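In this note's numbering, each residue's number is its place in the sequence shown (first place is 1) plus 71.
Where a beta carbon is used, it is the ideal one built from N, C-alpha and C, also for glycine.
These figures come from a predicted structure and were not determined experimentally.
Structure first, commentary second.
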Amino acid sequence: MKTNSIKHYCSAFFLLLSIAFSFGQNLEENLNLLLVREDKVAPDLADEYEMSLADLRDYLTENQIKGFNYFTHIKDDFQFTHILPLNSLDELNEGTRKALIKKVNKPEMELIMDYFDLSLDSYIQYVVQYKPELSYVPSSQQWDEGNTYRKWHYYQFYPGSEDKVEEIFAAYKNLYKTKNVEMGFRVFAGFIGIERPTYILTTWANSPLDYHQDLEKASTILGDDGALLWSKLMEMVKEAKITEGWYLPQYSYAPDTKLAE
Numbered sequence: 072m073k074t075n076s077i078k079h080y081c082s083a084f085f086l087l088l089s090i091a092f093s094f095g096q097n098l099e100e101n102l103n104l105l106l107v108r109e110d111k112v113a114p115d116l117a118d119e120y121e122m123s124l125a126d127l128r129d130y131l132t133e134n135q136i137k138g139f140n141y142f143t144h145i146k147d148d149f150q151f152t153h154i155l156p157l158n159s160l161d162e163l164n165e166g167t168r169k170a171l172i173k174k175v176n177k178p179e180m181e182l183i184m185d186y187f188d189l190s191l192d193s194y195i196q197y198v199v200q201y202k203p204e205l206s207y208v209p210s211s212q213q214w215d216e217g218n219t220y221r222k223w224h225y226y227q228f229y230p231g232s233e234d235k236v237e238e239i240f241a242a243y244k245n246l247y248k249t250k251n252v253e254m255g256f257r258v259f260a261g262f263i264g265i266e267r268p269t270y271i272l273t274t275w276a277n278s279p280l281d282y283h284q285d286l287e288k289a290s291t292i293l294g295d296d297g298a299l300l301w302s303k304l305m306e307m308v309k310e311a312k313i314t315e316g317w318y319l320p321q322y323s324y325a326p327d328t329k330l331a332e
């Protein structure tokens with residue numbers, strides 16, 4: 072284990088990991104609230120940052136730390152995103168430093184947290200709520216190591232449009248289900264620390280090529296009904312941002328969970 076790189080990384084990352092997470096084995100049933108941390112990393116320090124991610128995961132794995140879990144992604148702008156499931160907002164009450172030291176219960180953690188991570192330009196954190204009633208996840212489609220390509224659609228809507236937006240998402244889900252579309256999507260709503268109303272639509276595939284092939288196939292199956300629903304949704308969008316990237320299982324740590332299939 073590379074102790075020095077861990078020291079330089081964890082003081083900035085401890086805020087992400089210091090919350091206790093204890094929940095069931097099926098992640099699909101425990102996605103209600105998610106803490107999202109987005110780390111902006113200087114491109115020339117990306118290798119050091121990734122080395123620190125690997126070291127941290129090795130440290131947690133070697134010490135068999137239980138009680139918190141995170142899923143790491145990289146976006147196309149060298150932004151690393153870490154997603155942590157929450158049982159409730161009460162888990163944010165204890166305070167980050169104290170919670171992590173208490174949870175890990177290792178003297179090294181206090182030393183690790185005394186260092187500042189120089190590979191970070193900045194970071195932001197916010198909480199989103201998973202909307203299973205608006206999401207469509209085919210039972211045959213895995214979204215973990217088998218499909219690591221990700222696309223995130225951030226849609227900010229005009230205030231007061233939430234009910235109509237969710238009505239369209241629900242209709243979209245029903246259309247996907249009725250036509251037995253193989254491509255899935257998940258919907259998350261901004262909750263704390265993000266402009267509202269914002270909805271995040273996530274999709275996944277094995278590769279960018281597979282994604283576009285799946286999208287073309289889905290569009291053909293949905294036909295005019297799908298195009299009409301999408302047009303109605305876009306009419307209410309105030310601002311949109313779409314990014315792509317990858318889920319990084321080699322840097323994620325989730326001993327208490329199993330990704331839903």
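With 16 as the cutoff for other CB atoms within 10 Å, does residue i come out buried or exposed?
i: A325; result: buried
i: N101; result: Any reading at N101 must be qualified, since the residue scores a pLDDT of 47, below 50, and its modelled position is unreliable; no value is offered.
i: T132; result: exposed
i: A276; result: buried
i: A298; result: exposed
i: K288; result: exposed
i: N140; result: buried
i: N176; result: exposed
By Cβ distance below 7 Å, which residues in the same chain neighbour residue i in space, the five residues on each side in sequence not counted?
i: G316; result: H144, I145, K146, D147, R221
i: P230; result: P268
i: L286; result: M254
What are the partner residues of residue i, as DSSP defines its beta bridges?
i: G231; result: Answer is none; G231 lacks a bridge partner.
i: V199; result: L105, G261
i: R221; result: W275, G316
i: S193; result: K111
i: Q150; result: K111
i: P156; result: L105
i: V308; result: F228
So, at 8 Å on beta carbons, what are the nonlocal neighbours of residue i in its own chain, with the 5 sequence-adjacent residues on each side left out?
i: H125; result: Strictly speaking, residue 125 in this sequence is Ala, with His absent from that position. Cβ within range, chain order: Q321, Y322.
i: P114; result: F149
i: A241; result: E204, L205
i: D296; result: L246
Do the CB positions of residue i and residue j come within less than 9 Å of each other?
i: L191; j: V112; result: yes
i: Y226; j: E310; result: yes
i: K248; j: I292; result: no
i: I263; j: L300; result: no
i: E266; j: Q196; result: no
i: N103; j: Y207; result: no
i: L319; j: T219; result: yes
With a threshold of 6 Å on Cβ separation, who are the neighbours of residue i within its own chain once the five nearest residues in sequence on each side are excluded?
i: F142; result: I154, S323
i: S93; result: Here the model assigns S93 a pLDDT of 34, short of 50, so the residue's position is not dependable and the matter cannot be decided.
i: L106; result: L155, L157, V198
i: S193; result: K111
i: I313; result: H224
i: L116; result: S190
i: N119; result: Here residue 119 turns out to be Glu, not Asn, going by the sequence shown. Only S190 meet the Cβ criterion.
i: T274; result: K222, F256
* Asked: Just checking, does the segment 274-284 make contact with the segment 232-240 on the three C-beta pairs under 8 Å criterion?
  -> no
* Between the segment 256-265 and the segment 297-305, do at least 3 Cβ pairs fall closer than 8 Å? -> no
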